[in-house]
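See below for the structure under consideration.
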């Protein structure tokens, strides 16, 4: 920082016995999304009582620039205050790497592939971090340092929150079965398209590789999975709720063989899902002050109000209404809404599932 | 504003029959404290069904600069973003006016006093607004225009909210009996010291006048009252809760003879109070992430935790604790806490009643 | 906005005699880049004294949300403060439109092509603006409304500034000859790749169309040009300099036949250019306070200092230096630098031309 | 901070031979006012070559919260972003201390007075820092820690800058003669009224003490002086200019006997002064975009323009003007103006000397 203060990040590594998949878990890449730190606290408490087969690396405060950046009373949410770039859109991805690798390792055995492909990816990150005359932006430097750790794990969990939000999960389409291990009632199934986020940056290269081998006739499964967990609302720390979420993560880790079986099982609950293309933003059709009405996580029938907008300037105007009810013409599940009650025309008011279905 | 846009404020005046006190109610002088607008909406709905003896003036969006000023996702709370000056500390007050008036009107009858003193005050405001070569700051111009309206009323209500907060009331010590008409369980009794806010700017001059007449042997009571109502948390609009609060205000207006009796009566509830000097700020003793624990509005015993602060950087440090519990050594009633879960050392964490008592 | 204030934009249209190309000029899409408004003022003053062949549309304050958005003392520069999205990256572009059009109009005459292709583009914008159940973001609504006007002109000028900056011009590679009409000593030649900006959003579709016709063997030239003019530094209004820049624009308009010849000719000066891929960002290699040394617009030899960074925390540290000189290993022309003297590691410090050459 | 990062401040102490006054110099209490750090760098370079009689303590980055707090591209200027409180208005002052001290030490010798009064002041600071159940705000904690060091020196220099500004000096009325040692052409003479700033917090108690002894008939002079130096504009580092200002400070230190005579003498220049009450703020009479015209530091005749405000929305309006010239009716010296070209009605546009005179 300007005064010379160095910002560092605590990294906790729990060593396993070497016979399970390795795990990387980070929290708080977005400044205001702090609850993941509390979940990492509870994971550390719980993991100390488990038998670990694989290594687990935990990184709270993953973005110390963002997490220390106050903007008035609040912590700045999602982007670099100087450039506007979303902190979770700066990871590295090379869409041509898999094809190039397969052309060089067409017949290699799985262990060699797993090892060498990882080395190729790490070498690309190192190239960016160290051999760059013109330097790196603040966001890329942070992202690449985290990605360097994440790429060394088999399973990656990136802990986020929404603004004011229910819990939901971003899950690669191919890893859909794993969504059932988490106690999270809403899942967004994402395709193999890199859009900059950590989950994509860590699973897309492996999915690419699988498909590149498929094209030369080899069927492979690398057992790599990455998820983004949205653990409720930003600007909140709740250590009790964090314990519940940590147990949900242990249920996934137990299923994957990272920890010895110890009774961590997923809750029985209705899990709704939709595809990313059907996860819609509803923008405010007018400026005003918003009374958010729709309950999160419950299907909302067509015509039922999402919110009502108060416009006191219209109160005595015969041609205008002081209260506007907002609704949609198709069934949706409201997942999150904007953090403030004051909106401009065009503010992201709600995000909703459309064309949703039950996961099974 | 810079592009030439003129910001205006809606002013709604309901005329009464001229035989009751007049009322001035404003909301949203602080940008993020929006719920008062919803209360004004519900007051307008309810007042149309009442018989009005006195005039009622209602001003939502009292500070259109603040209420349209976004700072990231949130609306900027309490101060001019350019100067840092609290929007509610810019009203006019002349501590010498009362003595000067009494020396000139020692024997005047009450009607003359009421009328001429008001004219003196308005003339001072007009002087500031119109005869000032060097101009006025944005905040003073807004404040003086509002104060000009408020000074013409007998009863003044300024609708605010805390950051994350229970409902509470700022009440002049001499008007303590009126606190019982509102359905607000916590009252802060404020002395006759001008600190810049609208309630003080409107009641202090009359209290001064009463005391100045007392010094020459005349006992007078001008029946002027001003309150600041803190209606819960900022960044929230809840029209149902607003209706409840509007009814509570009507209970006060009925008691004061502004509206005809129509069954608006205060709830039976325990009303706690403390003096302003005993309304304490508790500052964060360290930076970190806060799990707020204490329930608002309920007496908290000495040693019981207000909050716990998470410090993940300390997790593996033998000499430090990752969780710090914060408590006080005297009984308090927590009234509000900071809006964010992320704090620096020295952030205002809680405001609490100390040495509190029950109002009766 | 939240209080119901409607933000509008002044649009000035000067009608020509109908025998020259039409022109669209806007300014201030980025909030802090205000000098273009002064240039539009001077253009309006000058154009009233010219004979106009084509229509000229001028739009100052093109983004009233951005231009009224204060962030502390300063106006927020380049992005929506709620979402972080650059205001100049939200225009519409459909990369498949040209091919589709050519397949439908393979043999059409030029007038039909010019007219109908424009209608196709406008229809796409209208579709977005009006037939969208989920609404539009604030930035897209502003962008689409502006783009609707810009798409109806033959020549488009988007007036910007850098942070602290020399004058420079973004020019499509195919329109390189026109760069010589402006009194702007530095030109960045941009390829036909849409990256979201207004110049690209208005010239790329025509370039696409030309190439699509070329693929079926027709050579066409639609005489559409778009430029982004960077008129110095943000947060500055200088009406005298604006007159100089307005005259430079008239020199371009005279050359294109928009106005009758009236002696507006470009200055004789050395015009440097580089390709967009060679226009490099130099990121701060460390946090600190910056004394910017390199003069804008003059070639800087390898090893000559761009800036020095002060690190007072290092003053008494034997292993560190309080002053760090920053230089590059190739010749560059510094074009702009960061607006503040305080930087974090990774802040965009300078933008420089590399592999530059003289335009002729 | 929230992630647990501790912000520290470098403190450089140069020991003297013990026979001259001690000096305390700090810089950058306001985040954007960085040039003082460069001056401290040059002072450290120069002082190493001088013979020191008194101790010199130098504190750059005095407010590491402010100096690392970015608000968009810029550093936040003058106040705590959470509370709005000016960082330079939080020092401690007890107006009753001097009278109490004199009543207890009426006949004490000067050395005892100097020593014990300082101890009393330090004890008050320590009381605030350490014995406070409810804690301290971020700003007070920083201020008290700095004040603790400053109170131990005889001469105090607080290095600031204006927004966009000429150099000027705040000087206590009684120390007026010392203003001539600095190469600063404008001096504001301030009375003995505490308004919260460091200069006042360190000289007012001694001025109080002198006056309290005078009231019991003892004439004393404690040779304590404090100044605020405004070294030009914020958001700029210029190490060459900093060397010039460091030499000007050495001219003062040589005159006061802190360093051995070594040829540091003040420049011959016209030094203008005015009293604090005559240092006026001129507020923008309308919103718009500002072309600042008046030259700093030169007397401006009545009616000459300070600035002109551009209002493009008025261009085609017959009843309004697109350009407004602003002037005053009395001679003034413009000292500084607002940092941005975009203003709201009521923004602090200029600060000017009125009723100014030449210092001699």
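Protein chains in written order, with the working numbering: chain A, -18 to 341; chain B, -18 to 341; chain C, -18 to 341; chain D, -18 to 341. For glycine and all other residues, C-beta sits at the position ideal for the given N, C-alpha and C.
Contact fails between the region 184 to 202 of chain C and the region -10 to 9 of chain C, because fewer than three Cβ pairs, one in each stretch, are under 8 Å apart.
Runs of the alpha helix (DSSP H) lying entirely within the region 195 to 254 of chain D and spanning at least 4 residues, in chain order: 220 to 236. One thing to note: residue 321/B has its Cβ within 8 Å of the Cβ of residue 54/A. Annotation: Cβ neighbours of residue 52/B in chain A (cutoff 7 Å, chain order): 52, 53. Nearest Cα to residue 26/D within the set 289/C, 179/C, 153/C, 303/C: 303/C. Spanning the alpha carbons of residue 231/B and residue 211/D requires a straight line of approximately 55 Å. Within chain B, the residues whose beta carbon sits less than 8 Å from that of residue 18/A are 270, 291, 293, listed in sequence order. The Cβ neighbour count for residue -4/B, taken over all protein chains shown within 10 Å, is under 16; the residue is labelled exposed. In the DSSP assignment, residue 309/D falls outside any alpha helix (DSSP H), carrying neither H nor E. Along the region -8 to 21 of chain B, going in chain order, the ones with a CB nearer than 7 Å to a CB of chain A are -7, 15, 18, 19, 21. For residue 106/C, the secondary structure class from DSSP, reduced to helix, strand or coil, is helix. The beta carbon of residue 219/A sits closer than 8 Å to some beta carbon of chain B.
Contact between residue 220/C and residue 298/D does not hold, since the beta-carbon distance rounds to 19 Å and is not under 8 Å.
Beta-bridge partners of residue 152/A (DSSP): 170/A.
DSSP places residue 122/A in the uninterrupted alpha helix (DSSP H) bounded by 119 to 131. Considering only 62/B, 15/B, 120/B, -12/B, the residue with the shortest C-alpha distance to residue 323/A is 15/B. Around the beta-carbon of residue 41/C, 16 or more other beta-carbon atoms lie within 10 Å, marking it buried. Proximity of chain C to residue 63/B at the Cβ level (cut-off 7 Å) is accounted for by 51, 53, 54, in chain order.
By a beta-carbon distance limit of 8 Å, residue 116/A contacts residue 266/C. Their separation comes to about 5 Å. Counting only runs of 3 or more residues that sit fully inside the region 36 to 78 of chain A, the beta strand (DSSP E) segments are 37 to 40, in chain order. Neighbours of residue 42/A in chain D, taken as residues whose beta carbon is under 7 Å from its own, are -16 in chain order. The region 77 to 86 of chain D makes contact with the region 183 to 194 of chain D; the number of CB pairs closer than 8 Å reaches 3 or more.
Excluding its 5 nearest sequence neighbours in each direction, residue 142/D has C-beta neighbours in its own chain below 7 Å: 14, 16, 211, 212, 213, 214, 215, listed in chain order. According to DSSP, residue pairing for residue 331/D in a beta bridge involves 263/D, 318/D. With its beta carbon less than 8 Å from one in chain B, residue 319/A belongs to the interface.
Judged by beta-carbon spacing, residue 287/B lies beyond the 8 Å limit of residue 247/B, meaning their Cβ atoms are not closer than that value. By the Cβ-count criterion, residue 332/C is buried, with 16 or more other Cβ atoms from all chains shown falling within 10 Å of its own Cβ. Listed as beta-bridge partners of residue 8/A by DSSP are 140/A. In terms of beta-carbon proximity, residue 66/C lines the interface with chain A, with at least one pair separated by less than 8 Å. Within 8 Å of the CB of residue 114/A, the CB atoms of chain C belong to 309, 310, in sequence order along the chain. Counting along the chain, no alpha helix (DSSP H) covers residue 257/C, and no H or E run does either. For residue 20/C, the uninterrupted alpha helix (DSSP H) segment begins and ends at 16 to 28.
For residue 27/A, not one C-beta of chain C is nearer than 8 Å to its own C-beta.
About 13 Å separates the beta carbon of residue 49/B from that of residue 10/B, a gap too long to meet the 8 Å contact definition. Per DSSP, the unbroken beta strand (DSSP E) holding residue 270/A starts and ends at 269 to 273. Residue 289/C: member of the beta strand (DSSP E) spanning 286 to 291, first to last residue.
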